[in-house]
Amino acid sequence: MFDLKTIRKDFPILERSVYGRPLVYFDNAATTQKPRCVIDAMTDEYLNVNANVHRGVHFLSQEATRIYEEARTTVREFIHARSNAEVIFTRGTTESINLVAATFGQACLHDGDEVIVTEMEHHSNIVPWQLLQSRVDVKLRVCPITDDGRLDMEALPRLFTSRTRLLACTAVSNVLGTVNPIKEIIALAHAHHVPVLIDAAQAAPHHPIDVQELDCDFLAFSGHKVYGPTGIGVLYGKEEWLDRLPPYMGGGEMIGKVSFERTTFNELPYKFEAGTPDYVAANGLARALDYVSAIGFPEIQAHEQALTSYAAERMQEIADLRIFGPLGKPSSLAHQVPLAHGRGVRGEASASSVISFNVGSIHHLDLGTLLDRLGIAVRTGHHCAEPLMHRLGIEGTVRASFALYNTREEVDTFMEALQRVIKMF
Ligand code: PLP
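Right under this line is the structure:
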């Protein structure tokens with residue numbers, strides 16, 4: 427049962443006010459709020475269990491290790507990975523992608539090799555590949571987008587050459603909300619014998635992910651965008667790939683035997699988890715995933731799609747308001763229902779829970795600042811996607827992004843505030 431009143435009670439922060447007005451939190455693509463069960467589980471672990479994992483024979487250490495490894499199982503089930511060895515805890519999407527770039531770069535890339543990315547990537551799926559260029563002459567080949575903010579699926583096949591070694595692509599754009607047809611993209615890449623890394627930072631909160639059905643080689647997401655704590659994220663990798671890659675960081679826990687002459691490495695997934703992990707955050711993440719799973723993606727999607735459609739429709743009422751991406755065309759609203767169905771992000775549909783817009787010549791920062799004064803939290807700027815901004819010919823946008831706890835009433839409040847702010851100009 428999707429009971430919005432009960433759900434909102436699970437998120438204490440939603441009851442607070444800012445500048446004397448009730449908070450309307452529409453910055454969920456940046457980070458989501460945390461349900462009480464996540465906060466309580468983490469507090470309880472610090473109060474009653476805390477001990478370093480994997481190292482101790484004593485009771486608390488074993489208890490903390492059990493909780494940590496159970497969290498790994500929860501993640502495995504959430505993304506339907508084959509085994510726990512394929513689930514690596516990182517600090518987030520950024521670290522996960524950097525891990526793959528550095529280790530894949532070391533093991534598999536040579537001068538003249540190519541990596542395909544897309545024009546709608548977040549900086550965290552662009553810069554790690556560029557960082558490699560100081561050591562190896564790797565070329566980025568960029569899949570363009572169409573004018574309505576979708577990947578140009580006609581151009582993509584032409585980007586593959588005999589030197590293509592990897593395709594790294596976001597499942598959902600954090601700016602446009604575009605849901606990319608990643609299953610099709612993965613199949614295309616595999617037909618060229620090219621492995622695929624999926625940035626699922628914006629997909630994980632809104633879409634069921636099934637890494638086996640998708641057949642992706644790597645997949646990254648962040649805990650804090652899916653109602654979990656900050657400082658924890660996941661890298662999924664097929665075991666055969668993770669086995670081939672060298673360790674990312676050296677230190678405790680990732681080793682087998684160490685001597686000054688030679689060091690051997692631990693088995694998966696520990697080979698990639700050097701040092702003390704944020705085991706309490708891993709527990710928090712598992713509780714967040716449990717929370718989302720208990721509500722269920724069909725219910726979450728039905729609610730969020732209705733809300734996004736309603737907001738986009740109401741925004742079309744404002745003259746001079748331009749929505750970027752698939753939602754900018756009213757016709758795409760009608761096609762929005764099958765965002766993703768069954769297991770796995772399929773992406774036949776247009777947009778996820780993100781609306782990026784500008785109004786006339788009003789600067790996005792001014793709009794965002796004044797909306798904030800009216801209690802509305804939105805994001806402004808380039809959203810860590812400067813190349814996409816160049817493609818769209820703009821410096822930035824205002825971005826409203828929704829989560830499972832947002833309401834129609836909040837959209838109405840947002841619209842009133844937006845109209846008021848526009849009048850000021
Ligand atoms: N990729 C996408 C599509 C994102 O939206 C974000 C964050 O906004 C990231 C990657 C980076 O995530 P994090 O900062 O949690 O590492």
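The numbering used here puts the first residue of the sequence shown at 427, with every later residue one more than the last.
We put the beta carbon where it would ideally sit given N, CA and C, even for glycine.
Predicted model, so just to flag it, every value in this text is computed and none were measured.
I'd like the span of the beta strand (DSSP E) that includes residue i, first residue to last.
| i | result |
| --- | --- |
| I681 | 681–684 |
| D466 | It is not in any beta strand (DSSP E) - D466 instead sits in the alpha helix (DSSP H) that spans 462–474. |
| F586 | Counting along the chain, F586 falls outside any beta strand (DSSP E), and DSSP gives it neither H nor E. |
| V847 | From DSSP, V847 is part of no beta strand (DSSP E) but of the alpha helix (DSSP H) over 834–850. |
| L645 | 644–648 |
| S782 | 780–785 |
| T529 | T529 -> not in any beta strand (DSSP E); alpha helix (DSSP H) instead, spanning 519–534. |
| T516 | 513–516 |
| V824 | 823–827 |
Hey, out of the options, whose CA is closest to residue i's CA?
| i | options | result |
| --- | --- | --- |
| V553 | M579, E521, R688, I681 | E521 |
| F691 | V706, Y653, P673 | P673 |
| A646 | V780, V513, Q459 | V513 |
| G722 | T734, A630, A708 | A630 |
| R576 | D798, K755, R834, Y445 | K755 |
| M546 | M841, S827, A811 | A811 |
| P583 | D573, D574, V598, R567 | R567 |
| V598 | T516, S560, K651 | K651 |
| G794 | L814, P752, R517, Q845 | Q845 |
| Y696 | R799, T491, S787 | T491 |
| S852 | F851, G518, G676 | In the structure displayed, the chain extends from 427 to 851; residue 852 sits before or after that span and is not available. |
| D578 | T604, Y662, S560 | T604 |
| G531 | V637, N510, A477, A594 | A594 |
What number of angstroms, rounded off, separates the C-alpha of residue i from the C-alpha of residue j?
| i | j | result |
| --- | --- | --- |
| H816 | H632 | 27 Å |
| V804 | R688 | 52 Å |
| T839 | C569 | 38 Å |
| V543 | V483 | 46 Å |
| E666 | T469 | 37 Å |
| R591 | L558 | 14 Å |
| E496 | R740 | 44 Å |
| L747 | I611 | 32 Å |
| L733 | H480 | 44 Å |
| V718 | A467 | 15 Å |
| V660 | S648 | 6 Å |
| P621 | I571 | 21 Å |
| A714 | R442 | 21 Å |
| F644 | E835 | 39 Å |
| A775 | Q488 | Unreliable positioning characterises A775 in this predicted model, as indicated by a pLDDT of 45, which lies under 50. The coordinate reading is nonetheless provided below. Cα to Cα, the separation comes out at about 46 Å. |
| F750 | P655 | 30 Å |
| R769 | L640 | Residue placement at R769 cannot be trusted, given a pLDDT of 38 that sits under 50; the coordinates are not used to answer. |
| Y451 | P752 | 23 Å |
| H790 | M841 | 16 Å |
| Y736 | R799 | 23 Å |
| R508 | C642 | 12 Å |
Residues in the same chain with beta-carbon distance under 7 Å from residue i, minus the five sequence neighbours each way, listed in chain order, please.
| i | result |
| --- | --- |
| D563 | D537, G538 |
| V706 | M468, E471, Y472 |
| A626 | A597, I635, L645, A646, F647 |
| G657 | R517, D704, A707 |
| P438 | R462 |
What first and last residue would you give for the alpha helix (DSSP H) that runs through residue i?
| i | result |
| --- | --- |
| E503 | 485–505 |
| L814 | 812–818 |
| D792 | 790–799 |
| Y662 | Run containing Y662: none in the alpha helix (DSSP H); it sits in the beta strand (DSSP E), 659–663. |
| K435 | 430–435 |
| I635 | Careful: I635 lies outside any alpha helix (DSSP H) and carries neither H nor E. |
| T689 | Per DSSP, T689 belongs to no alpha helix (DSSP H); it is in the beta strand (DSSP E), 689–691. |
| D716 | 705–721 |
Would the beta-carbon of residue i be found less than 8 Å away from any heavy atom of ligand 2?
| i | result |
| --- | --- |
| L753 | Within the structure as shown, ligand 2 is missing, the only ligands being ligand 1. |
I'd like the list of long-range same chain contacts for residue i, defined as Cβ closer than 8 Å, with 5 residues on each side in sequence excluded.
| i | result |
| --- | --- |
| L430 | H729, Y831, T833 |
| I433 | I721, L830, Y831 |
For residue i, I'd like the list of residues in its chain whose CB is within less than 6 Å of its CB, leaving aside the five on either flank, ordered along the chain.
| i | result |
| --- | --- |
| F698 | I514, Y674 |
| H618 | F586 |
Please write down, chain order preserved, every residue whose beta carbon lies under 5 Å from a heavy atom of ligand 1. Counting only beta-carbon distances shorter than 5 Å to the non-hydrogen atoms of ligand 1, the qualifying residues in chain order are G518, T519, T520, H548, S550, T596, N600, D625, A627, Q628, S648.
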